[in-house]
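Engineer: Protein chains in written order, with our numbering: chain A, 1 to 113; chain B, 1 to 116.
Just so it is clear, CB atoms sit at the ideal spot from N, CA and C, and this is done for glycine as well.
1. How is residue 83(B) classed by DSSP in three states: helix, strand or coil?
2. Going by DSSP, name the residue or residues bridged to residue 119(B).
3. Taking only three categories from DSSP, how would you classify residue 27(B)?
4. Return the chain-ordered list of same chain residues with a C-beta closer than 8 Å to the C-beta of residue 56(A), the five sequence neighbours on each side being excluded.
5. Quick one, are the C-beta atoms of residue 92(A) and residue 35(A) less than 8 Å apart?
6. Just the C-alpha distance for residue 101(A) and residue 46(B), rounded to the nearest angstrom, thanks.
7. Using DSSP with H/G/I as helix, E/B as strand and the rest coil, what is residue 86(A)?
8. Should residue 112(A) and residue 15(A) be called a contact, given that it needs their Cβ atoms to be closer than 8 Å?
9. Please classify residue 103(B) as buried or exposed, where buried requires at least 16 neighbouring CB atoms within 10 angstroms.
10. Is residue 116(B) a contact residue of the ligand FAD, with contact defined as CB to any heavy atom under 7 Å?
11. Below 8 Å, can you find three or more Cβ-Cβ pairs linking the stretch 12–25 of chain B to the stretch 74–92 of chain B?
12. Are any of the Cβ atoms in chain A nearer than 8 Å to that of residue 73(B)?
13. Keeping to the same chain, check which residues put their C-beta closer than 7 Å to that of residue 101(B); ignore five residues upstream and five downstream.
14. Do residue 110(A) and residue 13(A) count as a contact pair if the criterion is CB distance below 8 Å?
15. Against chain A, which members of the stretch 98–115 of chain B pass a CB distance test of less than 9 Å?
16. So, for residue 51(B): in the same chain, excluding its five sequence neighbours on each side, which residues have a beta-carbon less than 6 Å away from its beta-carbon?
17. Give the straight-line distance between the Cα atoms of residue 63(A) and residue 14(B), rounded to the nearest whole angstrom.
18. Taking Cβ positions, are residue 25(A) and residue 108(A) nearer each other than 8 Å?
19. Using CA atoms only, rank isn't needed, just tell me which of 36(B), 116(B) and 111(B) is closest to residue 61(B).
20. Taking residue 92(B) as the reference, which of 45(A), 22(A), 8(A) and 4(A) has the closest Cα?
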């Protein structure tokens, strides 16, 4: 059974803190993605990675960075959290060549106060 | 103008009704067209995907693509309370710099409630 896990379901952080969100998959998928989901805006791509140590900016990378040191793990880093980064963060993975079927984790609801 | 537009609803219909969910898009480079379903407090999951214009049926669900009008639809027949969820359309295009990779662009999602 396909499994994508995210480190936390709910997270509350203060403005200016450094925040780490971690995603782990057990499907040996090459491609991994980080999205944020906001009401009325849908899912927006922050960063994605198509191989270990490889990363590409998505549509809204500002204020975020990522790390992929191992194939199964993709981390999203908020260098200095701000209130406008309060959102639902979703990680997804996909096997190369089957891009239409992204497998999502359960999401992390991040609140920055 | 957003690349993909989807009516966010919410949409509330009685059990057994036929539901029609729609998206329009502006980018002619989109190749694949998908519908994802997202239950409350869960991540989205793929419901259906299509590549070409026309209809694709899977049980009570039918996905329709009209590339000439840049319009896609999802029809749900004999809707059930268990169909209550947010439905997201998504479309993809090739990323030329990364072999075999495509980028997905999602609509805003339509929240659907089926009332018993």
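Structural biologist: In short:
1. helix
2. With chain B covering 1 to 116 only, the question about residue 119(B) has no answer from this structure.
3. Of the three classes helix, strand and coil, the one that applies to residue 27(B) here is coil, per DSSP.
4. 47, 48, 49 and 50
5. yes
6. Approximately 6 Å, taken between the alpha carbons.
7. coil
8. yes
9. buried
10. Although the ligand FAD was asked about, the structure shown includes no ligands whatsoever.
11. yes
12. no
13. 95
14. yes
15. 98, 99, 100, 101, 102, 103, 104, 105, 106, 107, 108 and 109
16. 32
17. 44 Å
18. No. Outside cutoff.
19. 36(B)
20. 45(A)
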